[in-house]
Amino acid sequence: MELGLGAALSLAGAAVLAALGLHGWWTTRRAAQRGQPRAAPTSVLPDDRVEPLLGAEPAAAGDADTGPDTEPAPLRTPTRRVPRLDALIDAIVPMALEAPVSGDMALQHLPPSRRAGSKPFYIEGLDTETGTWEPLQAGRRYGELQAGVQLASRTGALGEIEYSEFIQKLQAFADAMGARMDPPDMLEVVARARELDGLTSPLDAQLTVTLRTNSVAWSVAFVQQVAQRAGLVPGVVPGRLVLPADEEGAPPVLVLAVDAQAALAALDQNPHDSPQATAVRECSLVLDVPQTPASAEPFPAWHRLGKQLSDELDATVVDDQGQPLTLHDFAGIGREVNGLYAQLEALDLAAGSAAARRLFS
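Everything in the sequence shown is counted per our numbering, starting at 467 for the first residue and increasing by one.
Right, here's the structure in full:
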């Protein structure tokens, strides 16, 4: 849902009060989960999926210019984060083994699909050498197994049918491993999932600004050319360019989107096609707040990039009501975003963390 600027700012105040009230509850719940492996927090912030619309700026995505006399810096090889079970956002099922099993055997018997409805689930093993839980790997031996299904996501809370599907798939795996499962009660899991979804869905903030032409329409190719000069790169989906994150496999910091049909028409265009088929009069710049760490300074990047693109495209930065956005508007939204980051961190669900990315996806 997209909210106008005024609504977004008024919701920010409610968010602060709600977060303060929920923090004590969250701390208590988190403490109760300490005995479970790798419990990472869930997100709780106030607001109705806030989508104020603002300008953005191109954050320097770590690009350093190298002159002809300098040696190019070695390419970074960031580590890819594998999803880990988290007792605060997953319903975890222990699986006791009579004797250690090999990782190779466990991998061979994994369910073909590790999803229950729309919710992903993961299986881990307790390494007999290191004594640590890890995603299943060949060449290892595991003395215990555990699996967990995600309680909530942007599609909503885990339901009874999804939980039953998870248990059914897991039972076949446990039987092949000679493991004894101890699943939590379905009604308790579903109630917890609804509680988690009710707390986190109002905190889902996606900021969108529209760049609207002041004169002639743009070709898709022209928008792409301007965006690439500003540091964006083509995304997987036609019509989308992204400001990539430093971390391998992480979501992009920002997304610039043009009309998908016009983008597809531009790909298939031949000299006899009408130029109007690939013409657009606006594009959108999006910042997905929970997906991006505050350390990447995504809001300043969003603001700068919106200003830079609007100057080069001869466009006006407007909100979802078509109203131009001022520096004062940007300052207000910036304060709101900073408060959102601070409260997420206070709840141990920092934006850009593995738990936040999983919940808000």
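By construction, the Cβ of each residue, glycine as well, lies at the ideal position given by its N, Cα and C atoms.
What number of angstroms, rounded off, separates the C-alpha of residue i from the C-alpha of residue j?
i, j, result
"residue 699", "residue 731", "19 Å"
"residue 662", "residue 627", "18 Å"
"residue 579", "residue 586", "9 Å"
"residue 609", "residue 752", "45 Å"
"residue 583", "residue 631", "8 Å"
"residue 777", "residue 810", "34 Å"
"residue 802", "residue 576", "44 Å"
"residue 685", "residue 789", "24 Å"
"residue 711", "residue 565", "43 Å"
"residue 653", "residue 824", "23 Å"
"residue 827", "residue 591", "25 Å"
"residue 551", "residue 764", "27 Å"
"residue 714", "residue 723", "22 Å"
"residue 786", "residue 797", "18 Å"
"residue 645", "residue 750", "51 Å"
"residue 655", "residue 617", "8 Å"
"residue 720", "residue 754", "7 Å"
"residue 558", "residue 611", "11 Å"
"residue 696", "residue 766", "14 Å"
"residue 816", "residue 622", "20 Å"
"residue 693", "residue 756", "24 Å"
"residue 619", "residue 549", "14 Å"
"residue 635", "residue 643", "13 Å"
"residue 689", "residue 729", "10 Å"
"residue 521", "residue 792", "Note that residue 521 scores a pLDDT of 35, beneath 50, so its modelled location is shaky; the value from the coordinates is reported in the next line. Going from the Cα of residue 521 to the Cα of residue 792 covers about 9 Å."
"residue 571", "residue 640", "12 Å"
"residue 569", "residue 747", "55 Å"
"residue 814", "residue 808", "10 Å"
"residue 726", "residue 633", "39 Å"
"residue 624", "residue 606", "32 Å"
Go ahead and pull the three-state DSSP assignment for residue i.
i, result
"residue 679", "strand"
"residue 672", "strand"
"residue 550", "coil"
"residue 555", "coil"
"residue 757", "helix"
"residue 707", "strand"
"residue 596", "coil"
"residue 765", "helix"
"residue 819", "coil"
"residue 787", "coil"
"residue 751", "strand"
"residue 796", "helix"
"residue 770", "helix"
"residue 616", "strand"
"residue 610", "strand"
"residue 826", "coil"
"residue 631", "helix"
"residue 805", "helix"
"residue 746", "strand"
"residue 658", "helix"
"residue 640", "helix"
"residue 604", "coil"
"residue 778", "helix"
"residue 812", "helix"
"residue 698", "coil"
"residue 713", "coil"
Starting from residue i, trace the alpha helix (DSSP H) both ways and give me its first and last residue.
i, result
"residue 667", "Neither: residue 667 is in no alpha helix (DSSP H) and is coded neither H nor E."
"residue 688", "686 to 695"
"residue 574", "569 to 574"
"residue 733", "726 to 734"
Buried or exposed: where does residue i fall if 16 or more other Cβ atoms within 10 Å of its Cβ makes it buried?
i, result
"residue 604", "exposed"
"residue 708", "buried"
"residue 667", "buried"
"residue 602", "buried"
"residue 638", "exposed"
"residue 498", "Because residue 498 sits at a pLDDT of 45, beneath the cut-off of 50, its placement in the model cannot be relied upon, and the following sentence gives the value as read from the coordinates. So residue 498 ends up on the exposed side."
"residue 821", "buried"
"residue 794", "exposed"
"residue 830", "Here the chain has residues from 467 to 827 only, and residue 830 is not among them."
"residue 758", "buried"
"residue 705", "buried"
"residue 687", "exposed"
"residue 673", "buried"
"residue 664", "exposed"
"residue 762", "buried"
"residue 567", "buried"
"residue 670", "buried"
"residue 573", "exposed"
Please report the residue range of the beta strand (DSSP E) in which residue i lies.
i, result
"residue 646", "645 to 647"
"residue 721", "720 to 723"
Taking 8 Å as the CB-CB limit, is residue i close to chain B?
i, result
"residue 719", "Absent here is chain B; the protein component of the structure consists of one chain."
Measuring CB atoms only, is the segment 679 to 689 touching the segment 771 to 790, in the sense that at least three cross pairs come out at less than 8 Å? Segments in contact, yes.
Decide yes or no for the touch test of the segment 590 to 601 against the segment 641 to 650: beta carbon pairs closer than 8 Å, at least 3 of them. Verdict: no, contact absent.
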